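In the working numbering, the protein residues as written are 1399 to 1674.
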Amino acid sequence: MFVQPLFTPVRMGDLRLPNRIVMAPLTRMRAGPIDHVPTALQAEYYAQRASAGLIVAEATAISPDGFGWADTPGLWSAEQVRGWRRVTNAVHAAGGRIIAQLWHTGAIAHPDLRGGTQPLSASDVNLLQESVTPTGRKPTVQPRPMTIDEIRRTVADYARAARNAVEAGFDGVQILANYLYLLAQFLNRTTNHRTDEYGGGIENRARILFEVVEAVLGEVDPSLVGVKISPMHESGPMAAHGETLPMAEYAIRELGGYGLSHLLLMGNTTDFTGTP
């Protein structure tokens, strides 16, 4: 009898998936607008998709500083943990598996989402993109460079969010380190002009990524932790350049030494014809 490989089991770290269909993380904007708590609608939505081998939940802010997209959920408060517990309980009751995606938006946030204060980033480079605010899309603004203390606090926030994810019943976590968000802003030389230990060469710019990975591994076993990263960048300051692939290759090679459960790569969403 012919067997369809897509529907055969596979092991991903310590998770045994009944099939090889993975639901990608998709921003849904269905959380509470004030408290950023997941809602009953989210529990229903994910439970409906529990027949996938694995669900990667929507990007979820690790802290108030990391929050930067209207109506998206968080993982820093007890109420948010309880809200996510309703979601994971619903998925597990339907026979599924779900992991949390840990998110800091960095410069993609907007003052309207931060009580009027500037968003944080590696440097003061405007991404020239759009922020999703409670009153609609607005142009991004110039962010404020993070202090060393803020970087350390952010690393600790990732660890706390990972711990909260476990408490909320998630089957693992994924660190979001690509696209236009904070960790990618540190990795990219066009958005990271720092002259301290988090700037300069490839190794220094990647330092925060590995500090985050190690902090998360202090809370969750490596076999239940993954990273989303890829050499994909949009237009503006984060568009592809001659160091885009070398940075991705370095980061992925180094991540290979941590015994993580998975790596999620994202394809390009723009035409790179004629670029480096």
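Beta carbons: idealized from backbone N, C-alpha and C, even for Gly.
No experiment lies behind these values; they were computed from the predicted model shown.
Integer-rounded CB distance, given that residue j should sit under 8 Å from residue i
i, j, result
"Gly-1597", "Asn-1586", "Going by Cβ atoms, the distance from Gly-1597 to Asn-1586 rounds to 11 Å, so no, they are not a contact pair."
"Ser-1529", "Leu-1580", "Going by Cβ atoms, the distance from Ser-1529 to Leu-1580 rounds to 14 Å, so no, they are not a contact pair."
"Gly-1464", "Asp-1555", "7 Å"
"Leu-1526", "Gly-1634", "4 Å"
"Pro-1517", "Pro-1532", "No, Pro-1517 and Pro-1532 are not in contact; Cβ-Cβ is about 15 Å, not under 8 Å."
"His-1508", "Thr-1538", "7 Å"
DSSP-derived helix/strand/coil call for residue i
i, result
"Trp-1467", "coil"
"Gln-1478", "helix"
"Thr-1610", "Residue 1610 is actually Val in this sequence, not Thr. It is helical."
"Val-1435", "coil"
"His-1490", "helix"
"Met-1664", "coil"
"Ala-1429", "coil"
"Gly-1504", "helix"
"Leu-1413", "strand"
"Ile-1460", "coil"
"Gln-1583", "helix"
"Ile-1496", "strand"
"Ile-1453", "strand"
"Ser-1521", "coil"
"Ser-1621", "helix"
"Gly-1472", "strand"
"Glu-1647", "helix"
"Val-1408", "strand"
"Val-1420", "strand"
"Glu-1641", "coil"
"Glu-1601", "helix"
"Glu-1595", "coil"
Burial state of residue i (16 or more Cβ within 10 Å)
i, result
"Asn-1576", "buried"
"Gln-1499", "buried"
"Asp-1433", "exposed"
"Gln-1478", "buried"
"Ile-1453", "buried"
"Arg-1535", "exposed"
"Thr-1671", "exposed"
"Ala-1438", "exposed"
"Met-1636", "buried"
"Gln-1446", "exposed"
"Arg-1603", "buried"
"Arg-1484", "buried"
Could you name each continuous alpha helix (DSSP H) segment of 4 residues or more that falls completely within the stretch 1531 to 1576, going from the start of the chain to the end?
-> 1546 to 1565
Is the stretch 1612 to 1631 in contact with the stretch 1649 to 1661, if contact means three or more CB pairs nearer than 8 Å?
-> A contact exists between the stretch 1612 to 1631 and the stretch 1649 to 1661.
Any chance the stretch 1401 to 1415 sits against the stretch 1454 to 1470, with 3 or more Cβ pairs inside 8 Å?
-> no
At a cut of 8 Å, does the stretch 1490 to 1509 reach the stretch 1564 to 1575 through at least three beta carbon pairs?
-> yes
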